[in-house]
Amino acid sequence: MLDVLRRVIQEVNAAGDLPKALDIIVDRVRSAMGTEVCSVYLLDEERKQYVFMATRGLNPAVIGKVTLDADEGLVGYVGERAEPINLKDAQLHPRNRYVAEIGEDKYHAFLGVPIIHHRKVLGVLVVQQEKTRRFDESEEAFLITLSAQLAGVIAHARATGSLSLSASNLPASELNGMPGAPGVAIGTAAVIFRQAQLDNVPVRKTRNIPKEIQLYEKAVETTRDEIRNISAKLADRLPPEQLDLFEAYLHMLDDSAISGEVVARIKQGEWAQGALSAVILEHVAMFEAMEDEYLRERSADIRDLGTRVLACLQSSDTRKVRFPKDTILVGEELAPADLAVVPRDRLVGLVSIKGSGTSHVAILAESMGIPTVMGVEELPAQLIDGKPMIVDGFQGSIITYPNKEQLTYYRNIAREEAVLVEGLEELKDKRCTTPDGHRTRLWVNTGII
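Each residue of the sequence shown is one higher than the last, beginning at 949 in this note's numbering.
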């Protein structure tokens, strides 16, 4: 099952678009688990409904047409609880909802797991069988791991506007946070990330594949030396069987193991840090899904090993960061020091996935006149580096991959704002005195939308 899981995750990551990824998931899961049915329901947040989006085993003619209210049926039940529901006979459950056109009346065994991204349910992944039985722990862990992988693909599709489940005029690419500093910014996202953290390495392409491979191999050799040094220092304090752990670390970095997979991804055009992060996190997810407790705990060893290589890789990476004109700086949790990273003449906006309007960075951004949005928790920051973006600091929202109408609308807003501020320039140094001679302060609200 471990090899199957790894292959499915790799296929999903390489799918290219959401419909293809969903199709891969339902096909491979049904085959791997030996079930008659595998289906995916995605949540349309605006209409508060789950949309039947992909299936193997049920009626494909109603894909995209059948919906369930968010509190309806077993799918809604999984979403409400935000945890797996494993039923021996779903037809006996009080929340079971029969939908004739789907064609699931003959299936009894039911396992549904929520698809969750940043603590928010995006949909439900379901397997079903005619036989009356309860799915075992390994099957449940397998499905949970795949749902976590699928969550990232769905979040990316929503952020880029390629997923629209309703007929609403609102753009699917609009994500809400909270106002940090007023104003409108139109530019290109530039993602910064904390050093040696595997989870927030941005996805980037490279044109110099040999150079990336060289950087990676150098980092691996440095990591090998570190591990050998640690092992030597502990040799007189640990029994031989405990020291074998360090030897296992070294073997994991062999070309036939992790390193081979990383280099393969680099050859496909990924930069070294992103390739390493993707491979390590795939292995971590696979081990975390294992039924055996000892093997599950090995996921921490793999993460530690990957973090060590990433730290070496970053320390040896001397490439100068180039920020585009009209940079919108994006980070997991921006700090005041991050404002100095980008040249002032290029920084037009800030987006922080965490934080609030009272954060220090928001206060500083307001004083500097930089439109800012805080707390955009649904934004998959790793996937939008170098992509077009609009920051609406008045409403506390962002738009990725804006269309022409959105660009026109926000350019007009920015132009009106600039004219208003320019008209106030001549007043800023004048004394503010009431008719009876009292000195006071004059404040102005420049928010115009």
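All residues carry an ideal CB built from backbone N, CA and C; glycine is no exception.
Note that the coordinates shown come from a computational prediction; the quantities given were computed from them, not determined experimentally.
Backbone CA spacing between residue i and residue j [nearest angstrom]
| i | j | result |
| --- | --- | --- |
| residue 1055 | residue 1082 | 13 Å |
| residue 1262 | residue 1078 | 52 Å |
| residue 1181 | residue 1225 | 29 Å |
| residue 1103 | residue 1208 | 29 Å |
| residue 1080 | residue 1037 | 6 Å |
| residue 1034 | residue 1062 | 12 Å |
| residue 1236 | residue 1246 | 8 Å |
| residue 973 | residue 1009 | 18 Å |
| residue 1151 | residue 1136 | 15 Å |
| residue 1395 | residue 1378 | Residue placement at residue 1395 is flagged as unreliable, the pLDDT there being 46, under the threshold of 50; the coordinate-derived value follows with that caveat. Rounded to whole angstroms, residue 1395 to residue 1378 spans 22 Å at the Cα level. |
| residue 1159 | residue 995 | 49 Å |
| residue 1156 | residue 1014 | 47 Å |
| residue 1026 | residue 1070 | 11 Å |
| residue 1402 | residue 1127 | The question about residue 1402 has no answer, for the chain in this structure spans 949 to 1397. |
| residue 966 | residue 1176 | 44 Å |
| residue 1188 | residue 1302 | 45 Å |
| residue 1292 | residue 990 | 41 Å |
| residue 1363 | residue 1349 | 21 Å |
| residue 1227 | residue 1249 | 14 Å |
| residue 1367 | residue 1357 | 16 Å |
| residue 1286 | residue 1360 | 29 Å |
| residue 1118 | residue 1351 | Any reading at residue 1118 needs caution, since the residue's pLDDT is 33, under 50, leaving its predicted position unreliable; the model's value is listed next. Cα to Cα, the separation comes out at about 12 Å. |
Contact check, residue i vs residue j, beta carbons under 8 Å
| i | j | result |
| --- | --- | --- |
| residue 1213 | residue 1223 | yes |
| residue 1059 | residue 1020 | no |
| residue 1365 | residue 1012 | no |
| residue 1023 | residue 985 | no |
| residue 1282 | residue 1300 | yes |
| residue 1318 | residue 1297 | yes |
| residue 1139 | residue 1329 | yes |
| residue 925 | residue 1129 | In this structure the chain extends from 949 to 1397, so residue 925 is not present and cannot be described. |
| residue 1200 | residue 1276 | no |
| residue 919 | residue 1051 | Absent from the model: residue 919. The displayed extent of the chain is 949 to 1397, so no value can be given. |
| residue 1134 | residue 1355 | yes |
| residue 1219 | residue 1153 | yes |
| residue 1092 | residue 1042 | no |
| residue 1402 | residue 1339 | Since the first residue shown for the chain is 949 and the last is 1397, residue 1402 is missing from the structure and cannot be characterised. |
| residue 1039 | residue 1057 | no |
Limits of the alpha helix (DSSP H) - the one that residue i falls within
| i | result |
| --- | --- |
| residue 1235 | 1220 to 1236 |
| residue 1157 | 1157 to 1182 |
| residue 1047 | Looking at the DSSP string, residue 1047 is not in any alpha helix (DSSP H), and its letter there is neither H nor E. |
| residue 1252 | 1241 to 1263 |
| residue 1310 | 1308 to 1316 |
| residue 1026 | 1021 to 1029 |
Cβ shell of residue i (< 6 Å), same chain only, five flanking positions each side left out
| i | result |
| --- | --- |
| residue 1125 | 1321, 1322, 1323, 1324 and 1344 |
| residue 957 | 1097 and 1230 |
| residue 1383 | none |
| residue 1004 | 974, 975, 978 and 986 |
| residue 998 | 989, 991, 1016 and 1023 |
| residue 1242 | none |
| residue 1278 | 1137, 1139, 1299 and 1329 |
Close beta carbons around residue i, own chain, < 7 Å, minus the five adjacent residues each side
| i | result |
| --- | --- |
| residue 1260 | 1167, 1170 and 1171 |
| residue 1265 | 1163 |
| residue 1099 | 1063, 1064, 1065 and 1070 |
| residue 1255 | 1144 and 1146 |
| residue 1385 | none |
| residue 1149 | 1141, 1221, 1222, 1225 and 1330 |
| residue 1197 | 1175 and 1253 |
| residue 1244 | 1235, 1236 and 1238 |
| residue 1001 | 970, 988, 989, 990, 1011 and 1012 |
| residue 1049 | 1007, 1010 and 1014 |
For residue i, the first and last residue of its enclosing beta strand (DSSP E)
| i | result |
| --- | --- |
| residue 998 | 997 to 1004 |
| residue 969 | No beta strand (DSSP E) contains residue 969, which is instead part of the alpha helix (DSSP H) from 966 to 981. |
| residue 1014 | Where residue 1014 is concerned, there is no enclosing beta strand (DSSP E), given that its DSSP letter is neither H nor E. |
| residue 1129 | 1126 to 1129 |
| residue 989 | 985 to 992 |
| residue 1298 | 1295 to 1300 |
| residue 1034 | 1033 to 1035 |
| residue 1321 | 1320 to 1322 |
Own chain partners of residue i with C-beta closer than 8 Å, once the 5 adjacent residues on each side are dropped
| i | result |
| --- | --- |
| residue 1381 | 1387 and 1388 |
| residue 1191 | 1179, 1182 and 1183 |
Residues sharing a beta bridge with residue i, DSSP
| i | result |
| --- | --- |
| residue 1138 | 1277 |
| residue 1204 | Residue 1204 pairs with nothing; no bridge assigned. |
| residue 1065 | 1068 |
| residue 1336 | 1136 |
| residue 1346 | 1123 and 1339 |
| residue 1073 | 988 and 1061 |
| residue 1387 | 1381 |
| residue 1153 | 1218 |
Short CB-CB distance (under 8 Å) between residue i and chain B
| i | result |
| --- | --- |
| residue 982 | Absent from the structure is chain B; it holds one protein chain and no more. |
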